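The structure appears below as structure tokens.
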Amino acid sequence: MDLLSPRPGVVQIKPYRPTRPPKDGRRWIDLSLTQNPLGPSPAALAAYRNAAGQIHRYPDWSQDSLRHAIARRYAIDVERVVCTAGSEELIHLVTQAFAGPGDEVLCHERGYRGFLKAIRASGATAVVAAERDMVVDVQAMIDRANERTRICFLANPNNPTGTYIPAEYVQRLRAGLPPHTLLVLDSAYADYCRRPDYSDGTEIVETSDNVLMIRTFSKMHGLAGLRVGWGYGPAAVVEAVNAIRGAFNVATPAQAAATAALGDAEHEEATYAHNAEWLPWLSRELERVGLRVYPSVCNFVLARVPTDPSLGVQAVIDHLAGRGILVKPVADYGLPDCLRITVGREEENKLLVAALAEILG
Ligand SMILES: Cc1ncc(COP(=O)(O)O)c(C=O)c1O
Numbered sequence: 334m335d336l337l338s339p340r341p342g343v344v345q346i347k348p349y350r351p352t353r354p355p356k357d358g359r360r361w362i363d364l365s366l367t368q369n370p371l372g373p374s375p376a377a378l379a380a381y382r383n384a385a386g387q388i389h390r391y392p393d394w395s396q397d398s399l400r401h402a403i404a405r406r407y408a409i410d411v412e413r414v415v416c417t418a419g420s421e422e423l424i425h426l427v428t429q430a431f432a433g434p435g436d437e438v439l440c441h442e443r444g445y446r447g448f449l450k451a452i453r454a455s456g457a458t459a460v461v462a463a464e465r466d467m468v469v470d471v472q473a474m475i476d477r478a479n480e481r482t483r484i485c486f487l488a489n490p491n492n493p494t495g496t497y498i499p500a501e502y503v504q505r506l507r508a509g510l511p512p513h514t515l516l517v518l519d520s521a522y523a524d525y526c527r528r529p530d531y532s533d534g535t536e537i538v539e540t541s542d543n544v545l546m547i548r549t550f551s552k553m554h555g556l557a558g559l560r561v562g563w564g565y566g567p568a569a570v571v572e573a574v575n576a577i578r579g580a581f582n583v584a585t586p587a588q589a590a591a592t593a594a595l596g597d598a599e600h601e602e603a604t605y606a607h608n609a610e611w612l613p614w615l616s617r618e619l620e621r622v623g624l625r626v627y628p629s630v631c632n633f634v635l636a637r638v639p640t641d642p643s644l645g646v647q648a649v650i651d652h653l654a655g656r657g658i659l660v661k662p663v664a665d666y667g668l669p670d671c672l673r674i675t676v677g678r679e680e681e682n683k684l685l686v687a688a689l690a691e692i693l694g
């Protein structure tokens with residue numbers, strides 16, 4: 334063994350390299366990350382600028398204003414809310430706090446890859462339950478749980494599939510897991526899903542002592558660049574996360590902007606309405622040009638490129654890049670013939686479909 338080497342789990346992690354628009358002076362249409370096409374809330378932007386004069390000071394370690402704003406907005410107990418630098422940090426912190434070498438952590442086949450990264454970094458063993466046609470299979474997850482399972486991750490809705498399972502199924506999953514297993518419900522895209530049978534999981538947190546819900550300001554609120562996420566869970570779980578998080582993990586302008594974003598209902602509604610209009614349009618048009626589109630409740634779609642030996646996924650990606658459009662390959666999810674495409678602004682969506690028609694049509 335080398336003298337200096339990371340833990341075996343860390344070595345297994347393939348560094349995440351998001352597609353980046355080349356710095357070639359062109360104006361790229363970036364549909365490769367699940368960002369808000371309308372930009373940030375104007376109220377958040379104003380609060381961010383307002384906080385600029387305070388950046389010589391450390392942030393409020395207690396995250397009081399932001400936690401109270403979250404608690405008021407969602408009618409939840411402020412003492413059981415914790416904020417982190419993006420929800421990604423919370424996924425890492427909770428894994429580190431509850432799992433380690435010798436433990437197992439459950440996740441699902443096409444589940445958000447941030448889970449696998451956190452599990453490997455912690456030294457725990459990842460156990461992956463099969464899905465059915467891009468949808469989480471609750472029974473398969475329950476079947477893989479055992480006395481060593483410390484955490485079960487569920488992204489609902491999930492990235493990159495865009496699919497969700499009803500609240501009733503989430504309840505079934507919770508009930509089927511051993512009591513020593515923490516169910517971590519990642520509801521990053523909850524704001525986009527207003528189906529009557531869907532829930533972000535708040536009421537499951539309220540009625541159990543082994544469920545943590547995770548949310549983010551990166552999607553609906555358009556604050557991906559500021560890195561703000563939060564969790565709501567049992568006091569013992571929140572305490573453990575607070576014990577290991579950096580005291581100043583959420584920057585002052587980020588706390589201020591996120592607090593203001595929660596009060597900007599107009600921006601939220603505009604974002605929701607935009608997605609409600611363009612998600613079905615994009616799904617329909619992508620099908621029309623020959624892609625198979627999975628039903629999504631998020632701000633993106635998963636689309637399968639038709640099997641054609643003369644035209645692979647890479648050729649489609651390259652063609653779009655030639656037109657200044659970036660989309661996300663998802664081969665690392667075991668989906669080498671699929672692309673994840675985020676809903677853009679009207680003109681961006683139309684340019685995307687026109688570019689795809691050129692190569693597929
Ligand atoms: C399901 C899911 N969870 C968590 C995250 C992490 O988001 P952030 O760290 O920006 O809050 C993402 C980002 O794409 C996601 O898709």
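The opening residue of the sequence shown carries number 334 in my numbering; numbering runs sequentially from there. Just so you know, even glycine gets a beta-carbon here, dropped at the ideal spot from N, CA and C. The structure presented is a predicted model; accordingly, all values stated were derived computationally and were not measured.
- Message: What does the alpha-carbon distance come out to for the pair ARG446 and ILE484?
- Response: 15 Å
- Are ASP524 and PHE486 touching if we call contact CB-CB under 8 Å? no
- Message: Can you find the residues in the same chain that come closer than 6 Å, C-beta to C-beta, to THR482, ignoring five residues on each side of it along the sequence?
- Response: Take THR482, set aside five residues on each side of it, and the residues of its chain with a beta-carbon closer than 6 Å to its own are GLU437, LEU439 and THR514, in chain order.
- Backbone secondary structure at LYS661 - three-state DSSP: strand
- With DSSP as the reference, label TYR627 as helix, strand or coil. coil
- Message: Can you look up TRP563 in the DSSP assignment and give me helix, strand or coil?
- Response: strand
- Message: Determine whether the beta carbon atoms of ILE650 and VAL660 lie at a separation below 8 Å.
- Response: yes
- Item | Cα-Cα separation between GLY386 and TYR666, rounded to whole angstroms | 43 Å
- Message: At the level of alpha carbons, what is the spacing between ASN479 and VAL460?
- Response: 11 Å
- ligand 1 heavy atoms versus the CB of ALA590: any closer than 7 Å? no
- Hey, GLU412 and ALA568 are a contact pair by Cβ (cut 8 Å); roughly how many whole angstroms apart? ALA568 and GLU412 do touch by the CB rule: their CB atoms are close to 7 Å apart, below 8 Å.
- Query: What is the C-beta distance between THR549 and GLY419, in whole angstroms, given that I count them as a contact (C-beta under 8 Å)?
  - Reply: At roughly 7 Å, the Cβ-Cβ gap stays under 8 Å, so THR549 and GLY419 are in contact.
- Answer with buried or exposed for TRP394, where buried requires no fewer than 16 other C-beta atoms within 10 angstroms of its C-beta. exposed
- Item | Residue environment, LYS356, which counts as buried when at least 16 other CB atoms sit within 10 Å | Per the 10 Å Cβ criterion, exposed.
- Please classify PHE486: does DSSP put it in a helix, a strand, or coil? Three-state DSSP puts PHE486 in a strand.
- Take HIS600 and list the residues in its own chain whose beta-carbon comes closer than 6 Å to its own, dropping the five residues that flank it on each side. SER374
- Can you grab the Cα-Cα spacing for the pair PRO354 / TYR627, in whole Å? 26 Å
- Which residues have a Cβ closer than 6 Å to any heavy atom of ligand 1, listed in chain order? Put simply, the residues with a CB less than 6 Å from any heavy atom of ligand 1 are THR367, GLY419, SER420, GLU421, TYR445, GLY447, ALA488, ASN492, ASP519, ALA521, THR549, SER551, ALA557 and GLY562, in chain order.
- Item | Continuous beta strand (DSSP E) assignments of at least 3 residues falling wholly in the segment 383 to 452 | 414 to 417 and 437 to 441
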